[in-house]
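With mature numbering (1 follows the signal peptide of the UniProt record, and there is no 0) applied, the sequence shown corresponds to residues -20 to -1, 1 to 646, in that order.
Glycine included, each C-beta is placed from N, C-alpha and C at the ideal position.
On a predicted model such as this, the values are computed, not experimentally measured, just so you know.
This report concerns only the one structure given below.
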Amino acid sequence: MKTKILTLCISLFLVNWTRAQETEIDTLNIIPMKEVIVIGNKKDVSRKENKSLATLDEYLEKSAKISMIKRGAYAWEPMINGMATERTVITIDGMRIFSACTDKMDPVTSYVEISNLQEASISSGQEGAEHGATIGGAVDMKIHKTGFSPSGWKVEVNSGLETNGEQKIAGAKVDYSQEDFFFNADFMHRDAENYHAGGGKEVLYSRFTKYNFSAVSGYRLSRHQSIEAAVILDKATDIGYPALPMDVSLAKAAIGSLKYEFHKPHPLLDHWETKVYFNTITHIMDDAQREDVAMRMNMPGWSDTYGFYSKGNSTVGKHRIKINLNSFYNKSLAEMTMFPNDPTEMEMFMLTWPDVRTFYNGFFLEDQILLSEHLNLKITGSLGSHNNSVQSEQGLQSLKIFYPEMKESKHRILAGASTRLQLHKGKMNYSLGTGYGERAPSVSEAYGFYLFNSFNGYDFIGNPGMDTERSMELNSSVAFKNKFWSAKLSGSYFHIQDYIIGIPDPDLTAMTIGANGVMVYSQLPYATFFNTDLSLEVFPYKNWHINTKLIYNHGRDHKNRNLPLVQPLSYFAALGYSKGLFSIEGSIEGAMEQSNFSTGFGENRTPAYTVVNLSASRSLYLNNQRVTVKAGAENLFDTYYSTFSDWNNIPRRGRNIFVNLNYAVF
């Protein structure tokens, strides 16, 4: 049986298929380089997407490289190649932003909206190291902007309703652009109640309210020089997390940046830009809305980041060179106060993140070499200086209970490199690549203090003395495309040495009432990940299209034990028809049974499932003003199910009827 599985994996690894219609490929002479989920402006969304007011999480999940950990209806955590956020880099326009929640309830993706995003550029493995050290890859979310053009004013309004969860959506967008100035602003509001799983059962504590505002403005200093300022303000309140013992009363972010661009500053330099930025995140967890709690808790967290990058592009002969110098300084602080129900007992206080400061300086180099008309070689290299320090004396002394010889600071040098050879021959594309990367332990992994994991019921303690985690990567792809159909199959393999994971320590006593014990972050000799995805797009007749996708991930440690949150064989298929201003699509999506689960992480067998979706869209013009209405039914047959990445097996939404309206005022 193992031989058959290995043979299948190798076969999948050697072939590759093209992305479905929601993706495009960034190219160098038609050779695919990376995946880009193009969201574009609202005109593109309202015309092309089945659900124009979907959440950003739903859009990202369309990528075969990304899966989402769901702890509720809000703020899903993205995984790239089956690896969570500590092994990846998530940026907004190249800016490093760090969550303020010890329980990962506020991923960076939660602080942007689909309406103010232009595209999400997804890089696998070491090709994602441009903005910092990574192992799994990176996602860079690019904010919508019109740029310099004489297009004048554009104003659009959006509204939406969803029956499951009674979600109400309202938003507006204003664009103004001239040859030497542009301004774009966007606002979005979402308000949702508890949703219902298949069969009608209410999922308690799944409500949320969210406000998001973004603005970007640019001014042309000269023909080749410009400056640009941008801001994102995001605030969410009354956020329920049904998979966790606590909710969030407030999550807010302020993100600002100033950028200078110079086109053709030198004959050997095509483009140069420098950006300085700042962001501050506040996240407050509490259990005030929960009943029958043995001890009330309040857990606020704060994360402030200052940073910059300076990067340039150059074309020299057959070389396209990119250089990026980047740096950030982050402050992460989180605390917990426990309030006994008995008023005669004392309150208890601890620092769960002991005011950890992270200072990083990095250098990234990429060279794309056109070896021949059909052959291309891409080489990347990165080097970073990473320093952690604990500024809280109280927090330092708390950690010294477990690590008496611990120093207040820890410095690491992080290196990375990758190569990819790509061949385009006729209608075929082939690629083969390798990579090596390193990462430092995250703040939680190194300095976390009694962080409760509700999945396996353990308190977690960080380990500041751990070594750097190292990864070796192999990836391959093959693709075919003509005017009638296209196909792509890709695969990647990661061998991660000194793999960081929590291991039970029977000598320690849990702090959380009812916890199963204490796990200390430690390192395994190695762990391996294998990921493969297959996509097919067919245009059988005029106005008709078919999309299909298959994904399979596999993860094991050095003792051949299953790693947690590894995606089983999953599938998606859609049949669509579009003509003029009308379109309709039906789709199915599902997964096979999750049989390779991690009992140590608290996982169990997840049943197979299939859900059916149906949507339609119609645009019309009223006095040259476009109105687009999209409606559909998700989980049409009200199936009760959960997936491998649903925390504590919380069920997904049952049948949901949605209506999205986009009105282009002018």
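Boundaries (first-last residue) of the beta strand (DSSP E) holding residue i
| i | result |
| --- | --- |
| E208 | 205 to 219 |
| S378 | No beta strand (DSSP E) holds S378; the alpha helix (DSSP H) holding it covers 373 to 379. |
| Y473 | 465 to 484 |
| N433 | 431 to 433 |
| F319 | 299 to 320 |
| G361 | 355 to 370 |
| D120 | 117 to 123 |
| P505 | 497 to 518 |
| L141 | 132 to 142 |
| V154 | 147 to 157 |
| D250 | 249 to 266 |
| G612 | 605 to 614 |
Environment of residue i [buried if 16+ CB atoms lie within 10 Å]
| i | result |
| --- | --- |
| M408 | exposed |
| T623 | buried |
| H246 | exposed |
| D447 | exposed |
| K387 | exposed |
| R585 | exposed |
| E492 | The sequence given here places Thr at residue 492; Glu does not occur at that position. Buried. |
| W56 | buried |
| G127 | exposed |
| K468 | buried |
| V645 | exposed |
| G220 | buried |
| V272 | Rather than Val, the amino acid found at residue 272 in this sequence is Asp. Looking at its Cβ environment, which holds fewer than 16 other Cβ atoms inside 10 Å, D272 is exposed. |
| Y521 | exposed |
| T579 | exposed |
| P548 | buried |
| H404 | buried |
Contacting residues, own chain, Cβ-Cβ under 6 Å from residue i (five flanking each side not counted)
| i | result |
| --- | --- |
| S567 | A554, N593 |
| M195 | Here residue 195 turns out to be Ala, not Met, going by the sequence shown. Hits under 6 Å: A165, V211. |
| A397 | G361, Y416 |
| L401 | L357, L412 |
| K232 | K215, T262 |
| G145 | A172, E173, Y175 |
| G116 | I60, N61, M63, R67, T68 |
| F552 | K529, E569 |
| A209 | S197, L238 |
| Y199 | F161, I207 |
| K463 | none |
Which of helix, strand or coil DSSP assigns to residue i
| i | result |
| --- | --- |
| G108 | helix |
| V273 | coil |
| W333 | strand |
| I94 | helix |
| F646 | coil |
| L8 | Any answer about L8 is weak, because its pLDDT of 37 lies below 50 and its placement is not dependable; what the coordinates show is given next. Three-state DSSP puts L8 in a strand. |
| Y286 | strand |
| N628 | helix |
| V88 | helix |
| T65 | helix |
| F440 | strand |
| F581 | helix |
| Q574 | strand |
| A100 | strand |
Span of the alpha helix (DSSP H), counted from its first residue to its last, around residue i
| i | result |
| --- | --- |
| residue 677 | Nothing can be reported for residue 677, as the shown portion of the chain is limited to -20 through 646. |
| residue 659 | The structure shown does not extend to residue 659, since the chain spans only -20 to 646, so no value can be given for it. |
| Y427 | 423 to 427 |
Same chain only: Cβ atoms within 8 Å of residue i, ignoring 5 sequence neighbours per side
| i | result |
| --- | --- |
| residue 648 | Not covered by the structure: residue 648. The range shown for the chain is -20 to 646. |
| T590 | I568, E569, G570, T619 |
Near the ligand FMN: residue i beta-carbon under 7 Å from a heavy atom
| i | result |
| --- | --- |
| G497 | The model on display carries no ligand, and the ligand FMN is accordingly not part of it. |
Chain-order list of residues whose beta-carbon lies under 7 Å from that of residue i (same chain, five-residue window excluded)
| i | result |
| --- | --- |
| A(-1) | Residue placement at A(-1) cannot be trusted, given a pLDDT of 33 that sits under 50; what the coordinates show is reported in the next sentence. Correct list, in chain order: S515, E517, N527, K529. |
| A53 | G145, A172, Y175, S186, F188 |
| S139 | I149, A150, L641 |
| T35 | I94 |
Open item on the list: Under 8 Å, with one C-beta from each stretch per pair, do the segment 171 to 178 and the segment 199 to 215 reach the 3-pair mark?
Closed with: no
Task: Cβ contact (3+ pairs, closer than 8 Å) linking the segment 316 to 332 and the segment 350 to 370 - done: no
TODO: Answer yes if the segment 529 to 537 comes into contact with the segment 410 to 429, meaning at least three C-beta pairs across the two stretches below 8 Å, and no otherwise.
DONE: no
Task: Stretch-stretch touch, CB-based, cutoff 8 Å, three pairs: the segment 612 to 619 with the segment 521 to 531 - done: no
TODO: Indicate whether the contact test is met: 3 or more Cβ pairs, each with one atom in the segment 497 to 507 and one in the segment 432 to 451, closer than 8 Å.
DONE: yes
Open item on the list: I'd like to know if the segment 469 to 476 and the segment 503 to 521 are in contact, where contact means that at least 3 CB-CB pairs between them fall below 8 Å.
Closed with: yes
TODO: Indicate whether the contact test is met: 3 or more Cβ pairs, each with one atom in the segment 299 to 318 and one in the segment 344 to 358, closer than 8 Å.
DONE: yes
Open item on the list: For the segment 71 to 81 against the segment 112 to 128, do three or more pairs of beta-carbon atoms, one drawn from each stretch, fall closer than 8 Å, so that the two count as touching?
Closed with: yes
Open item on the list: Within 8 Å, do at least three Cβ pairs link the segment 99 to 114 to the segment 149 to 167?
Closed with: no
TODO: Check whether the segment 238 to 253 touches the segment 271 to 280, counting contact only when three or more Cβ pairs, one atom from each stretch, lie closer than 8 Å.
DONE: no
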